[in-house]
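Here is the structure we will look at, set down as structure tokens.
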Amino acid sequence: MSVDGPPAQLHGTTTFFDGQYGAVSVTLTICCALALFNAIELLFLIFTTFKRYSGLYFWSLVVASAGILPYVISILCEYFTLTNQLAGEVLSTFGWPMMVTGQSLVLYSRLGVVLGPEHHRILRPVKWMIIIDGIVFHISTQVVMFGAYNAHPAREWALAYKYIEKIQMTGFTVQELIISGLYVWRTLDILKTVDDASGRSRRRRRTMMELFSINAVIIILDIALLVVEYQNRHVIEQSLKGFVYSFKLKLEFAVLRKLVDISGQRSRASQSTFATISEATMERTDSVMSSPKKVWGSLSRKDSAQKDCDDIVHLEKV
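The opening residue of the sequence shown carries number 1 in full-length UniProt numbering; numbering runs sequentially from there.
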């Protein structure tokens, strides 16, 4: 397709710039500008916050943030027909999977730190859910999109693109809701432990509300995007998606700070409890010898809790 105009077969499925700035074009421009700014800021924050560039959490943040750039540029190229439509499609092919699945990997890596290795039976299905959803939804949507933009005739492709967009949006939204729900469940358990160990109920309630508020905002944004897509506002949904995903990634830094604060309290409490158990064990050697399994079980649980806390703190110090 030349840069003279948009593909005619896609009218009714999406819209393109008609030479006049209206609500759609202004909204798209503002959202894209904010998304680009947030993406650049995120990359700067990531590379200045982390001291060691390694680990799933670090690289998923980098990939998700970097993916926003080609995704947003592809929207601008396609809507304003700044270049050949194929260039925008190619950019979207790389940017969209990086941004969407990268965000899921960020949530997964954070979930892995909170759950810990003893919950591998939960983490494994979540990992395969992300992999399968990424393969199925990304490949099917990209194939249909290329057909809708380039095939002749493309009426069936355009109709399929209209429906596959809603299907993949629903799938990825449900995926992120599942991961966020597991995170909220485990965070609640950690906060209960902090309260029992420290006795600072006021601070626990405040921290709990802040964490729940952040995750509630993330969930609301996902649902809002889904609602816009089901209203057939495809261009608005695409432009909002770039901004929303960049905003959700910025919220990740707030979540990370809270996790570090919580783990610091829990780490100190665990160390204190561990020291008490060790002292009692030294004084009661006979009891240890007569019932070693009971004592070993207590120490093992404390070691596991301490390891989880150390892993969370390690995120901030890498």
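Every residue gets a Cβ at the ideal spot worked out from N, C-alpha and C, and that includes glycine.
Keep in mind it's a predicted model, so treat the numbers as computed, not measured.
Extent of the continuous alpha helix (DSSP H) to which residue i belongs
i: LYS127; result: 120-133
i: PRO97; result: 85-115
i: LEU82; result: Note, LEU82: premise wrong, no alpha helix (DSSP H); not H, not E.
i: VAL144; result: 139-150
i: VAL26; result: 23-49
7 angstroms Cβ shell around residue i - same chain, five flanking residues per side excluded
i: SER287; result: Caution is warranted here: a pLDDT of 42 is assigned to SER287, below 50, making its placement in the model unreliable, and the coordinate value is therefore given only provisionally. Around SER287: no qualifying Cβ.
i: SER180; result: LEU107, ASN215, ILE218 and ILE219
i: GLY171; result: ASP133 and PHE137
i: SER239; result: THR27, LEU28, CYS31, CYS32 and ILE75
i: ALA151; result: TRP157
i: SER140; result: ILE164
i: ALA35; result: ILE68, VAL72, GLY242, PHE243 and SER246
i: PHE253; result: LEU45
i: TYR21; result: none
i: ALA87; result: CYS77
i: GLU237; result: LEU225, VAL228 and GLU229
i: LYS192; result: none
i: GLY102; result: SER60, VAL63, ALA64 and GLY67
i: ARG206; result: none
i: ARG121; result: none
i: THR48; result: none
Whether residue i touches residue j by CB criterion (8 angstroms)
i: ALA39; j: SER65; result: yes
i: VAL136; j: TRP157; result: no
i: ILE75; j: GLY242; result: yes
i: LEU249; j: VAL100; result: no
i: ASP222; j: LEU177; result: yes
i: TYR71; j: LEU28; result: no
i: GLU89; j: MET169; result: no
i: VAL63; j: MET98; result: yes
i: TYR149; j: GLN85; result: yes
i: VAL24; j: VAL235; result: yes
i: LEU56; j: GLY95; result: no
Own chain partners of residue i with C-beta closer than 8 angstroms, once the 5 adjacent residues on each side are dropped
i: ASP18; result: none
i: THR173; result: ASP222, ILE223, LEU225 and LEU226
i: GLN175; result: SER104, MET129, ILE130 and ASP133
i: ILE46; result: PHE58, LEU61, VAL62 and SER65
i: THR93; result: GLN142
i: LEU111; result: LEU123, VAL126, ILE179, LEU182, TYR183 and ARG186
i: THR276; result: Legend: pLDDT at THR276 = 43, less than 50; position of this residue unreliable, value from coordinates given subsequently. There are no such residues.
i: PHE146; result: GLU89
i: ILE167; result: PHE137
i: ALA160; result: VAL144, GLY147 and ALA148
i: LEU251; result: ILE214, VAL217 and ILE218
Beta-carbon proximity list for residue i, same chain, < 6 angstroms, skipping 5 on both sides
i: GLY5; result: Reliability of the predicted coordinates at GLY5 is poor, the pLDDT of 49 falling under 50, and no value is obtained from them.
i: LEU43; result: SER65
i: SER278; result: Note on SER278: pLDDT 39, under 50, position unreliable in the model; the coordinate value appears next. Excluding positions up to five away in sequence, the list is empty.
i: LEU91; result: PRO70, ILE73 and SER74
Run through the stretch 198-252 for me and flag every whole alpha helix (DSSP H) of 4 or more residues, listed as ranges in chain order.
201-230
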